[in-house]
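J.: Take a look at this one; I'll ask things after.
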Amino acid sequence: MSSGLELVDVGVAYGSARVVGSVSLQVAPGRIVGLVGESGSGKTTLARAIVGSVALVSGSIRLDGAELRSGRRSRDERRAIQLVGQDPFASLNPALTIGSVLDELLRVHHLGGDRTQRRARSAELLGLVGLEAEALDRYPRQFSGGQRQRIAIARALSVEPAVLVADEPTSSLDVSVQKTVLELLSGLSAQMNLATLFISHDLSVINAVCDDVAVLQGGRLVEVAPAGRFFTHPEHPYSRALLEAVPRIVKEAR
Ligand SMILES: Nc1ncnc2c1ncn2[C@@H]1O[C@H](COP(=O)(O)OP(=O)(O)OP(=O)(O)O)[C@@H](O)[C@H]1O
Ligand SMILES: [Mg+2]
Numbered sequence: 005m006s007s008g009l010e011l012v013d014v015g016v017a018y019g020s021a022r023v024v025g026s027v028s029l030q031v032a033p034g035r036i037v038g039l040v041g042e043s044g045s046g047k048t049t050l051a052r053a054i055v056g057s058v059a060l061v062s063g064s065i066r067l068d069g070a071e072l073r074s075g076r077r078s079r080d081e082r083r084a085i086q087l088v089g090q091d092p093f094a095s096l097n098p099a100l101t102i103g104s105v106l107d108e109l110l111r112v113h114h115l116g117g118d119r120t121q122r123r124a125r126s127a128e129l130l131g132l133v134g135l136e137a138e139a140l141d142r143y144p145r146q147f148s149g150g151q152r153q154r155i156a157i158a159r160a161l162s163v164e165p166a167v168l169v170a171d172e173p174t175s176s177l178d179v180s181v182q183k184t185v186l187e188l189l190s191g192l193s194a195q196m197n198l199a200t201l202f203i204s205h206d207l208s209v210i211n212a213v214c215d216d217v218a219v220l221q222g223g224r225l226v227e228v229a230p231a232g233r234f235f236t237h238p239e240h241p242y243s244r245a246l247l248e249a250v251p252r253i254v255k256e257a258r
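Numbering (this note's numbering), first residue to last: 5 to 258.
Given below as structure tokens:
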């Protein structure tokens with residue numbers, strides 16, 4: 005029985021500054037949990053802790069019940085948790101074609117068979133995110149921001165992760181492009197049974213894609229609730245304050 009991603013009393017500090025308190029949260033396979041909170045509340049820091057790029061000062065992170073230690077993760081553990089970040093321009097190596105990036109990942113993780121099979125799988129992955137196979141032979145600079153974010157999603161999914169952490173994946177995109185990328189992410193999460201942590205400070209975005217909502221304030225979770233309940237009956241005063249800042253969503257949800 006797989007239990008997905010579990011954070012138990014997770015604490016993170018930069019030097020002596022404790023930025024994440026004691027966060028406990030579960031993301032089950034096939035679910036999308038939205039993490040909201042104002043700028044500086046620790047959302048990205050928590051994402052970094054989950055992917056293992058910053059160490060915990062307390063607590064633990066578990067995948068299907070097995071503890072993952074930061075800095076000492078095996079290749080398979082690193083493969084299992086993938087991050088899609090905010091900036092589609094920073095996330096792709098400008099010197100490599102999309103095809104060579106995907107090919108290398110499939111090769112290293114023994115996922116795609118021989119060279120010809122890997123090429124076919126890479127084309128298939130691009131198809132999943134709505135891009136043509138000819139994109140394989142192009143470089144990142146030849147794509148728009150929205151297309152690059154699709155490529156970043158294809159890259160994350162190429163290694164067949166169990167967990168996807170999306171940190172403000174659409175905040176740098178045009179509103180018109182945002183919607184298609186969000187639909188893509190939620191569709192693929194369901195299709196691949198991913199446990200997805202979706203970070204955003206935009207409640208309308210959270211409302212559009214998440215099953216559950218977790219609210220971070222000053223590095224602590226103040227509320228975790230199913231999205232339906234969160235948008236109609238937020239419990240914590242901070243949640244209410246966040247929602248009151250965007251009255252339109254509250255009305256629509258009601
Ligand atoms: N590398 C770092 N070294 C020291 N302090 C940091 C570092 N990264 C972030 N911080 C601090 O940790 C706190 C949380 O930052 P974090 O980036 O996790 O917030 P966030 O919720 O993602 O904000 P935003 O919505 O602006 O992306 C902030 O006070 C920030 O200044
Ligand atoms: Mg952030």
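A virtual CB, placed ideally from N, CA and C, is assigned to each residue, including glycine. All of these numbers come straight from a predicted model, not from anything done at the bench.
1) What is the DSSP secondary structure of Ala249, reduced to helix, strand or coil?
2) Per DSSP, which one or two residues make a beta bridge with Leu220?
3) Are there any heavy atoms of ligand 2 lying less than 7 Å away from the beta-carbon of Glu172, as far as the coordinates show?
4) Where in the region 90 to 145 do unbroken runs of the alpha helix (DSSP H), each at least 4 residues long, occur, reported from the N-terminal end onward?
5) Taking the alpha-carbon positions, what's the Glu172 to Arg66 distance?
6) Ligand 1 and Asp21: does any heavy atom of the ligand fall closer than 7 Å to the residue's C-beta?
7) Of the residues Arg22, Val167, Ala218 and Arg224, which one's Cα is nearest the Cα of Arg233?
8) Looking at the unbroken beta strand (DSSP E) that takes in Gly25, where does it start and where does it end?
9) What does the Cβ neighbour count give for Asn211, buried or exposed, with the cut at 16 atoms within 10 Å?
10) Secondary structure at Arg66, three-state DSSP: helix, strand or coil?
11) Is the beta carbon of Leu177 closer than 8 Å to that of Ser45?
12) Can you give me the C-alpha to C-alpha distance between Ser26 and Ala166, rounded to a whole angstrom?
13) Let me check one thing: in DSSP terms, what residues is Leu168 bridge-paired to?
14) State the DSSP-derived secondary structure class of Glu187, mapped to helix, strand or coil.
T.: Result, derived from the coordinates:
1) coil
2) Paired residues: Leu225.
3) Correct: Glu172 has its Cβ closer than 7 Å to ligand 2.
4) 102 to 112 and 119 to 132
5) 23 Å
6) It is worth fixing the name first, because residue 21 is Ala in this sequence and not Asp. Result yes, Cβ under 7 Å from ligand 1.
7) The shortest Cα separation from Arg233 among Arg22, Val167, Ala218 and Arg224 belongs to Ala218.
8) Segment Ala21 to Val31, the beta strand (DSSP E) holding Gly25.
9) buried
10) strand
11) no
12) 24 Å
13) Per DSSP, Gln86 and Thr200.
14) helix
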